[in-house]
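Only one structure is covered here, and it is reproduced in the block below.
Residue numbers (this note's numbering): 1178 to 1564.
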């Protein structure tokens, strides 16, 4: 019997069961998927092994690509003409709020400067996937939802820049050598490359979409371009999330009926998203929780405080609606793949803290993954954007 196909069937069926349980408890479906993965994964029942999880990487990459494409589709020029620079300013403030607060509190407790800087930079990351899933599941609509979609899309760029600066400073402190200017320019080059690649592919995507009229053909084009975008981004070392977002944004602005194309994509994405979040849950390692310690508590608590306060301050400065000022920050709690990827990159910068950083980020991912979607739902409901 094919082990991969068996595990795929188990993940889908158990994911459906936990989706129903989560709905009965008035929790978002994504919380149920994560709980299903945790139950099936190496931490508990060990039905889904670590080796099998790595075999599903292509599904995870595709799911993230579709999520980023969908978010990018919200980036229409008409929207930015209406709301102005508010989402950009909020994205910068909420990310830097988390970074400065985590770094600052760690320094107050006499932790190493390079360690504090790198961990503070990782704190800037926000997971778009679970947030978008909650928005889609409850069909949320309103100013908080609109701003949220824009902010989580921009967050990836702000996170990359922040991490690039932190790593540059940390390397300079650790080695006392190297070209500071070259290292500071590196993250900007990555972001620029991601945006240009996404824009080009988004423009090209409209031609086969126009040529193919039936839904099946259009779906094939969407899958092909999402897969191609991820592959090109990986080839050149760009951010696949940012590249797919740029592709979705460009396509939405050059193709008048882009909303109908996103609806076509939504016909394939539900099982894809379910598998992605079940796998994410299976990757959560409960055994790292006891290693949390003081630095872990600082990271988990003050990242949330920084996100919420940063978003509120920026929203107030930009005179955003009162509901955005009050509730947006609570929707920015989840943290998943990007943070884990940055934690792996950080091992080369501060190898002496590699084990500690990995444990802290995994603990944070577990805790945020369990409570984040529920907080997002509650915030959107209190803002009056979920029926």
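Ideal Cβ positions, reconstructed from N, Cα and C, are used throughout, including at glycine.
Just so we're clear, the structure is a prediction, and the values are computed from it rather than from any experiment.
Problem - Buried versus exposed, by CB contacts within 10 Å (16 or more), residue 1261 - result: exposed
Handout entry: 8 Å contact criterion, which residue 1532 and residue 1520 should meet: CB distance rounded
Key = Not quite, the Cβ-Cβ distance comes to about 11 Å (not below 8 Å), so this is no contact.
Handout entry: contact_flag[the segment 1425-1442, the segment 1245-1260] where n(CB pairs < 8 Å) is 3 or more
Key = yes
Problem - Those runs of the beta strand (DSSP E) which lie wholly inside the segment 1324-1411 and span at least 3 residues - result: none
Problem - Nonlocal neighbours in the same chain, by C-beta distance under 7 Å from residue 1551, ignoring five residues either side - result: 1204, 1205, 1208
Practice task
Drop a sphere of 10 angstroms on the beta-carbon of residue 1419, count the other beta-carbons inside from all chains shown, and report buried for 16 or more, exposed for fewer.
Solution key: buried
Exercise for the section: State buried or exposed for residue 1239, treating a residue as buried only when at least 16 other CB atoms are found within 10 Å of its CB. Expected result: buried
Practice task
Please state if the CB of residue 1428 and the CB of residue 1366 are separated by a distance shorter than 8 Å.
Solution key: no
Handout entry: Pair within 8 Å by beta-carbon distance, residue 1294 and residue 1280
Key = yes
Exercise for the section: Please report the Cβ distance between residue 1300 and residue 1506, rounded to the nearest whole angstrom; I am assuming they are in contact, meaning their Cβ atoms lie under 8 Å. Expected result: Residue 1300 to residue 1506, Cβ: 14 Å. No contact.
Practice task
Report yes if the CB atom of residue 1306 is closer than 8 Å to the CB atom of residue 1241, and no otherwise.
Solution key: yes
Exercise for the section: Out of 1529, 1451, 1538, 1526, state which residue places its alpha-carbon closest to the alpha-carbon of residue 1196. Expected result: 1451
Handout entry: Close beta carbons around residue 1331, own chain, < 7 Å, minus the five adjacent residues each side
Key = 1264, 1265, 1268
Exercise for the section: Using the Cα positions of residue 1336 and residue 1298, report the straight-line distance between them to the nearest angstrom. Expected result: 7 Å
Practice task
Check the C-beta distance from residue 1245 over to residue 1422 and give it rounded, since I have them as a contact under 8 Å.
Solution key: 5 Å
Handout entry: residue 1202 burial status per 10 Å Cβ neighbour count (16 or more: buried)
Key = exposed
Handout entry: Contact under 8 Å by Cβ, residue 1456 with residue 1233
Key = yes
Problem - Complete runs of the alpha helix (DSSP H) confined to the segment 1490-1544 [at least 4 residues] - result: 1499-1504, 1514-1526
Problem - Complete alpha helix (DSSP H) runs within the segment 1267-1328 (minimum length 4 residues, chain order) - result: 1290-1299, 1305-1314
Problem - residue 1244: first and last residue of the uninterrupted alpha helix (DSSP H) it sits in - result: 1234-1249
Problem - residue 1486 to residue 1310 span [Cα, whole Å] - result: 24 Å
Exercise for the section: Could you round the C-beta distance between residue 1215 and residue 1549 to whole angstroms and report it? I think they count as a contact, below 8 Å. Expected result: That pair is no contact at about 14 Å.
Handout entry: Helix, strand or coil at residue 1561 according to DSSP, with G and I counted as helix
Key = coil
Practice task
Taking the CB atoms as reference points, tell me whether residue 1562 and residue 1317 lie closer together than 8 Å.
Solution key: yes
Problem - Distance between beta carbons of residue 1410 and residue 1374, contact taken as under 8 Å - result: 6 Å
Practice task
Tell me, to the nearest whole angstrom, how far the beta carbon of residue 1504 is from that of residue 1321; I am working on the premise that it is less than 8 Å.
Solution key: 5 Å
Handout entry: Inter-residue Cα distance where the pair is residue 1454 and residue 1494
Key = 36 Å
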